[in-house]
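Engineer: Below you'll find the structure I mean.
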Amino acid sequence: MSDVAGTAIPTPTVRSRNWRVLNSPGVVAGLAYAVVGFLLGMWLGRVIGGGWPRAANGSDENDLALVLGYVLAVVGWVWGLGFVRYPGSRLRGAEPGAYAEERTGEGVARYFEVTTDHKVVGIQYLIVSLAILLVAGVNAMLIRTQLLSADGSIFYPNEYLTIVGLHGSMMIMTMSAAAVGGFGNYLVPLMIGARRTAFPRIQALALWLLVAGALVLLSSVLVGGFTSGWTGYMPLGDQVQLGMNSYYVAFGLVAITLTLVGLDLFVTIVTMRAPGLTWGRLPMFVWGVFATTILMALAAPMLLGATLLAVFDRTIGTVNFVGSMGGSAFLWENLFWFFGHPEVYILALPGFGILLEILPVFTRKTLWGYRLAVVGMLGVAFLSFTVWQHHLFVSGINSDLRPGYSLSTEMISIPTGFIFLCALGTLWKGRIRLTVPMLFCLAFIFNFLVGGASGMYLSDVPSNATTHGSYFVMAHFHYTIMGGLVYALFAAIYYWLPKMTGLRFREGLAKLHFWTMFVAFNATFLPLFLVGARGMPRRVSTYQPAFRGLNVFVSISAFVLGASMLVFIVNFVVSQFLKREAAEPNPWQSRGLEWQLPTPVPTHNFDEIPQVLSAPYEYGDPDAPPVADLRPSRPTATTITGLHGYPVDDPDPTPSSLIVGARVLSAAAIVFIAAFGFAYVYLKAQNSNGRWNNGEEVSVLFGTATLGAVVASAAAYLVATRRLRTNGVAGWRGLATVSFVLGAAAIGLHVWQLDTLPFSPTDGGYASVYIGWTAAIVAVELGAMYWLLTLLRGSLRVATIEADLDANGPRPVAAHLVASAGGYRVFWSTAVAIEAVAFVLLVLVR
Amino acid sequence: MPANPHHGRRILAIWFVLAAIATPLVVLVGGPHLPPQDATVQAEHQQQINTILAGVVTPISLAIIVYSLYALVTWRSRQSDAGADGVLLRGDRKVVTWWIVANVIIVVGVVAYGTYDWIGPGVGSGSAQGPTPLARPGGEKPLEVQVIAQQWQFTFRYPSYGGLATPELMIPEDRYVEFHVTSLDVVHSFWAVSLGVKADAVGGADNVVYVRANEPGPFRVQCSELCGLYHGQMYQVTSAVLTEADFAQWIAKQQQTYSDIVPDLPPYAHVYSPTPVNLAG
Amino acid sequence: MLQTVGSIGFGAHPDWVSYLAQKPDGSWSHSTNFDLPAHSTIHVTISQYDSQTGLRNPFFGHVQGIEGGTMSVDGKQVSVINPSTAAHTFAIPDLGVMVPLQGIADNATKPCSSAPCAESYDHVTIEFTFKTGAPGKYRWQCYVPCAAGTLFGNGGPMQTIGYMDGFVQVA
């Protein structure tokens, strides 16, 4: 990359050292800015909160101030960490590419700072995940301590419920992040022969947002806790204390994290595979991550929309979830579970991937039924979008749809069955090596079998009447999530850590960990099926004395289960820090591409982009070529699958990544807005006229003007991109500027309209949805306008596209501009379509 | 391995013996004790389905466990063959076909029977059906009882006895009861465990569930949806199924005790909207 | 001896409504956890200083589970009050006890604004007797949606032990 003028930072001469620490991007600055942002938000909330219904209502709790505090704290955190420098520099016209301060540092310190090295980010995810897991695990121990006695005398109910809510929320957070964020980020580029992921900065941003989310969630204990559990059901969530805001903000951040992780890794897998790595040779773990990223990008934005609706309820007094005022409690249940059930498979699919990745290595066999397994994973991903109402069998809605939901739920057993069949088939006549990762994989099969079998009861409407909402379902999802994913994670840790750290685990301690965990896990959760079916509901701080015996047994088992985690921690500390023993580069004799690399893996992964020669599981096939040629001696500076010979070493996205990324982002935006569209349709159908719409009239003229502006903006832009090739950059710039002005005008109109609404947020379902939907559209359009602005500024650097592309040979700046301009076209068209749908529903139909 | 033993047949034989012992044990011995027992027609139906599911799940799980354990014992890598690889086998179309066929049959069978049961003879099988139930009992008109949940207490109304409201839930035996479950505030769930009845209580919504009790006896009502502070304390132990005569007597006593509050109650309706929502001191 | 106030005036949430209990020495303590002897008859006097809010469930305007089926409101024996005049309730659901507490009149001349309130302020005195029954830990709570400004009037002090909720330890 050429040097960007002005990026060299002049040495400050008058500033003190402390000031420099605060001012240079990093965790310290992030924390400092976060504190400033929080105080600023609290102050703002107090000032403007005076006029808003909820904040001014004398409940002596200003929700608006706290939420603004959180939001600005996150902004400050992201700012202080240095994430705004690059987008900022792009706005000032910097070339796409490495910012002077991109870090891929060395030494232990790099694990505690912002970096774009996917391996470091992966390990950072694992550290964060294990830390959250530890806190959530301690919460689990507290829960079981409370349940030692039937009348619950240790914690007050609000404390107990906060512990339960924190346990669930943090476990969901860490489990969503650990497998894909940790192992996905670390392994996917190594497994597909790439040097980085598609969007390294986004990959890093997602991690640090997750950290922010975890801290925000934990901070709820300082403001009264939250008594809603991890599902945050409404309208209870509208009612309870300040601490509830922490939950919604934290889950909003998690939703953003998941979307970004999904976007980054999906695009990476689609566009950055090494030559020869066809879809049919893709490792199973990569397939698992791939299926998961689809779910992340297409389900998590729904959660973001839902949490926004909730936050609006709590801060500005909309009534989205208040049945008696035109909202609906069912709306949250639907939105939440539309995300929530795919989320379950966001947890399960990486586990399937790990299972099928590891099994062939330790059976010394090729994977049985490779295609079947792929179909299974994609089938699970697809079906998981169709089952969410099985969480609502006794809720009293849509009872006529239950046969359908029951069937789609049971049907998931078919693709899941494929994965089971492939795992079992791989055992057939193998040379099974009972290593520690293999033990965890076998336990995964057993646990998931119990989880799946109990799932049959829950999917059956009559049986569900008893099992729903009881300890039965609680045991069920612990068997699938803990018995599935956590076991898979430990298998992955024991399997890949020798590659990650170059150090060996203590085998004896590892086996002790496995056996105590396996026995204690089953002793903990098997009895809970019985307790639940006999009448003990979830999340209760007291229970019938008749269940005391089983509960005490379960608590003791749970403490042993907790102790088994201590064995792991001891093993980790001893083997990684105290008595380090170097591991061989490929201790498991695996054919996986990642194992062909030296240990530790160099920062740039591959000296040359490898040529993949065969599938990774060809054990037992003497004719199989090695998995890849690591030195195909091709010129390294050319692209893998990108356009225009864009260099692969650059941390900025390749052109093809940009285009695929724009499509994924557009799809995510549609899902995000769909949350509001669903709210519209749902509340309109649920509420009689008075509660839906009190006769509010928004100005049709206003709406038409806004829609006209965005349509004209899009039209101008479409013409502009057509001219990019023929008339060069100058012709493009003129029309693109027109497009920008029109787009900005539309945003201005929206804001003006929100400021002069003829109704208040409390006026009913329509008023609530109108405000939320419009705000969400403004957010999407603001993002689009930022993108267009960077394009406009970037275009100033390119005299003519023609000259850049052809005369001087492929130039990255021009190629980037063409690709980004094309990606933006997809995104802006999507935004316009969203605007049009909103116009029809919000303005014309009402 | 020397000769090529028929591993498939051996596994099948072991599985068959174990399944032949375990499945009848689970179904015949365990079945009658499965929750939620048989206090009502609906509980009976759930128990029946739980028994069938246990009968399906047991042999399937056994098959997978037997196969896996057999594989571990038989094909475990030994010192003698260290470094050797397993056989080259990429899949088997026939196995896949049979697996899918079996899976589809089980799925369709379980869903079809469950659906038939709750829409047909189970009359909802204890699962709530919303404001317009698909499955309704025939014959005699059911006794309508309203369950009103609020933070954190259930109260009950009997519209056919002058809109009587009481803090206790009593129902007659051998007669269909039509519960209308609603809430005055957040989402609760009405769970009468031994009746096999569960219905979410949602503010502004009506949720119907039918039950027919087989014999007199006490039962417990418990909230099973997290509803805030005292969710764990929101239960009722004084509820019971009464004989026809006892029920009439109980109703008379309740009417006498709570007659002076009836004029202050809102007229009986399937949903209530108490106002205001955001109360000021 | 208990009193209820519209705003407690001290502590973390000075605007919140609360119960207070009188200690044997006559001073008021801001606690809602009480110890009672088992199988005993308890006589309760509540000085109710708060204004009227109204019951969310009007049925609770009827007393339940107290001796004789009536309570004394400013000296008058009644079994039911107008549900819309209730300020709070004293209820121990597991013991079947439910006593609606009438609020002071809307046009009261001398309302008390911070706890503890002296006798000279406007208040309603409610007296009743109930039996404790078997030992155990029973929750008690208020059923009037008295948490100003929260949804359904049931957030804040209604979901915080020490204000409108607590436990009765019967031993």
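Chains as they are written, first to last, in my numbering: chain P, 1 to 846; chain X, 1 to 281; chain V, 1 to 171. The beta-carbon is built from N, C-alpha and C at its ideal position, and this holds for glycine as well. Nothing here was measured: the structure is a model prediction, and the numbers come from that model.
1) Measure from the C-beta of Ile-64/X to each C-beta in chain P and report whether the shortest distance is under 9 Å.
2) My output table needs one value for Asp-165/V: the three-state DSSP class, helix, strand or coil.
3) Would you report the Cα separation of Thr-721/P and Ser-657/P, rounded to the nearest angstrom?
4) Once DSSP output is grouped into helix, strand and coil, what is the label at Lys-499/P?
5) Give me whichever residues DSSP pairs with Pro-218/X in a beta bridge.
6) Against chain X, with Cβ distances strictly below 9 Å, would Gln-102/V count as a contact?
7) Which runs of the beta strand (DSSP E), 3 residues or longer, sit entirely within the stretch 93-150 of chain X?
8) At 3 residues or longer, and completely inside the stretch 497-555 of chain P: list those beta strand (DSSP E) runs for me, N to C.
9) Is DSSP giving Glu-127/V helix, strand or coil here?
10) Quick one: list the residues of chain B neighbouring Tyr-258/X, beta-carbon separation under 7 Å, in chain order.
11) Do the stretch 282-301 of chain P and the stretch 755-762 of chain P meet, that is, are 3 or more Cβ pairs less than 8 Å apart?
12) What residues in its chain sit with their C-beta under 6 Å from that of Val-202/X, if we drop five residues either side in the sequence?
13) Run through chain V and tell me which residues come within less than 7 Å of Leu-229/X, C-beta to C-beta.
14) Would you list the one or two residues that DSSP bridges to Asn-33/V?
15) According to a CB-to-CB cut-off of less than 7 Å, which residues of the stretch 151-162 of chain P neighbour chain V?
16) Would you say Phe-152/V reaches chain X, if we count a Cβ-Cβ gap shorter than 9 Å as a contact?
17) Between Leu-226/X and chain P, is the shortest Cβ-Cβ distance under 9 Å, so that the two count as touching?
18) If you measure beta-carbon to beta-carbon, which residues of the stretch 136-151 of chain V are closer than 8 Å to chain X?
19) Can you tell me the Cα-Cα spacing of Phe-301/P and Ala-675/P, whole angstroms?
20) Using the beta-carbon count (16 or more within 10 Å), is Thr-638/P buried or exposed?
21) I'd like to know if Glu-333/P contacts chain V, where contact means its C-beta is closer than 9 Å to some C-beta of that chain.
22) Gln-544/P CB to nearest chain V CB: under 9 Å?
23) With a CB to CB cut of under 7 Å and the five nearest residues on each side skipped, what residues in its chain are close to Thr-480/P?
24) Determine the chain P residues that contact Glu-36/X at a beta-carbon separation under 7 Å, and present them in chain order.
25) Is it buried or exposed for Thr-409/P, if we count other Cβ within 10 angstroms and need 16 for buried?
26) With a CB to CB cut of under 8 Å and the five nearest residues on each side skipped, what residues in its chain are close to Gly-163/X?
27) In this structure, does DSSP put Ile-66/V in helix, strand or coil?
28) Could you pull the start and end residues of the alpha helix (DSSP H) that Ser-18/V belongs to?
29) Spatial neighbours of Leu-126/P within its chain, please: CB distance less than 7 Å, with the 5 preceding and 5 following residues excluded, ordered by chain position.
30) Regarding Ala-204/P and the ligand NAD, is the C-beta to nearest heavy atom distance less than 8 Å?
31) Compare the C-alpha of Tyr-111/P against each of Ser-459/P, Gly-26/P, Pro-761/P, Glu-835/P and name the closest.
32) So, Asp-106/V versus Gln-141/V, is the Cβ gap smaller than 9 Å?
33) Chain P beta carbons: is any one of them nearer than 9 Å to that of Lys-198/X?
34) Which residues does DSSP pair with Thr-89/V in a beta bridge?
35) Of all Cβ atoms in chain P, is any one closer than 9 Å to the Cβ of Ala-128/X?
36) Taking 8 Å as the threshold, find out whether the stretch 518-530 of chain P comes into contact with the stretch 372-383 of chain P through three or more Cβ pairs.
Structural biologist: To lay it out plainly:
1) Taking the second sequence and counting its residues from 1, the one referred to as residue 64/X is at position 64. Yes, Ile-64/X lies at the interface with chain P (some Cβ there is under 9 Å from its Cβ).
2) Your numbering for residue 165/V matches position 165 in the third sequence. Strand at Asp-165/V.
3) In the first sequence, counting from the first residue as 1, residue 721/P sits at position 721. In the first sequence, counting from the first residue as 1, residue 657/P sits at position 657. Taking the straight line joining both Cα atoms gives about 19 Å.
4) If you number the first sequence from 1, residue 499/P lands on position 499. DSSP places Lys-499/P in helix when its eight states are reduced to three.
5) For the purposes of this step, residue 218/X is taken as the residue at position 218 of the second sequence. Partner(s): Ala-240/X.
6) Counted from its first residue, the third sequence places residue 102/V at position 102. No, Gln-102/V does not count as interfacial toward chain X.
7) 143-150
8) Listed in chain order, nothing qualifies, since the stretch 497-555 of chain P has no complete beta strand (DSSP E) run of 3 or more residues.
9) Here residue 127/V is taken as the residue at index 127 of the third sequence, counted from 1. Reduced to three states, the DSSP call for Glu-127/V is strand.
10) The chain labelled as chain B is not found among the protein chains of the depicted structure, namely P, X and V.
11) no
12) Locating residue 202/X in the second sequence gives position 202, counting from the first residue. Only Ser-183, Val-187 meet the Cβ criterion.
13) Position 229 of the second sequence, counting from 1, holds the residue named residue 229/X. Those are Gln-159, Asp-165, listed as they occur along chain V.
14) Residue mapping note: residue 33/V aligns to position 33 of the third sequence, counting from 1. For Asn-33/V, which the question treats as bridged, DSSP gives the partners Phe-167/V.
15) Asp-151, Ser-153, Tyr-156, Asn-158
16) Within the third sequence, residue 152/V is the residue found at index 152, counting from 1. Chain X contact via Cβ: present.
17) Position 226 of the second sequence holds residue 226/X. At least one chain P Cβ lies under 9 Å of Leu-226/X.
18) Arg-139, Gln-141, Tyr-143, Pro-145, Cys-146, Ala-147, Ala-148, Gly-149, Thr-150, Leu-151
19) As a first step, residue 301/P must be located in the first sequence, where it is residue number 301. As a first step, residue 675/P must be located in the first sequence, where it is residue number 675. Strictly speaking, residue 301/P in this sequence is Pro, with Phe absent from that position. Those two C-alpha atoms are separated by around 8 Å.
20) Counted from its first residue, the first sequence places residue 638/P at position 638. Unreliable positioning characterises Thr-638/P in this predicted model, as indicated by a pLDDT of 43, which lies under 50. The coordinate reading is nonetheless provided below. Result: exposed.
21) Here residue 333/P refers to the residue found at position 333 when the first sequence is read from its first residue. Not one chain V Cβ lies under 9 Å of Glu-333/P.
22) Start at 1 with the first residue of the first sequence, and residue 544/P comes out as number 544. No, Gln-544/P does not count as interfacial toward chain V.
23) Counted from its first residue, the first sequence places residue 480/P at position 480. Excluding sequence neighbours, Thr-480/P sits near Ala-348, Phe-448, Gly-451.
24) On the second sequence, position 36 is the one that residue 36/X refers to. It should be noted that the sequence gives Pro, not Glu, for residue 36/X. Residues of chain P passing the Cβ test: Thr-466.
25) Here residue 409/P refers to the residue found at position 409 of the first sequence. Buried, since its Cβ has 16 or more Cβ neighbours within 10 Å.
26) Taking the second sequence and counting its residues from 1, one reaches residue 163/X at position 163. The answer, listed in chain order, is Arg-157, Val-262, Leu-265, Pro-267, Tyr-268.
27) The sequence position of residue 66/V within the third sequence is 66, counting from 1. Three-state result, Ile-66/V: coil.
28) Mapped onto the third sequence, residue 18/V falls at position 18. Per DSSP, Ser-18/V belongs to no alpha helix (DSSP H); it is in the beta strand (DSSP E), 18-22.
29) Indexing the first sequence from 1 puts residue 126/P at position 126. Exclusion of the five residues before and after Leu-126/P leaves Ala-178, Gly-182 as the residues of its chain whose Cβ lies within less than 7 Å of its Cβ.
30) Ligands are entirely absent from the displayed structure, and the ligand NAD is therefore not among its contents.
31) For this step, residue 111/P is matched to residue 111 along the first sequence. When only C-alpha atoms are compared, the closest one is Gly-26/P.
32) The count along the third sequence starts at 1 and reaches residue 106/V at position 106. The count along the third sequence starts at 1 and reaches residue 141/V at position 141. Not in contact: Asp-106/V and Gln-141/V (Cβ atoms no closer than 9 Å).
33) Counted from its first residue, the second sequence places residue 198/X at position 198. So yes, Lys-198/X belongs to the interface.
34) Indexing the third sequence from 1 puts residue 89/V at position 89. Answer is Pro-100/V, bridged to Thr-89/V.
35) To locate residue 128/X, count along the second sequence from 1; it is residue 128. Yes, contact with chain P.
36) no
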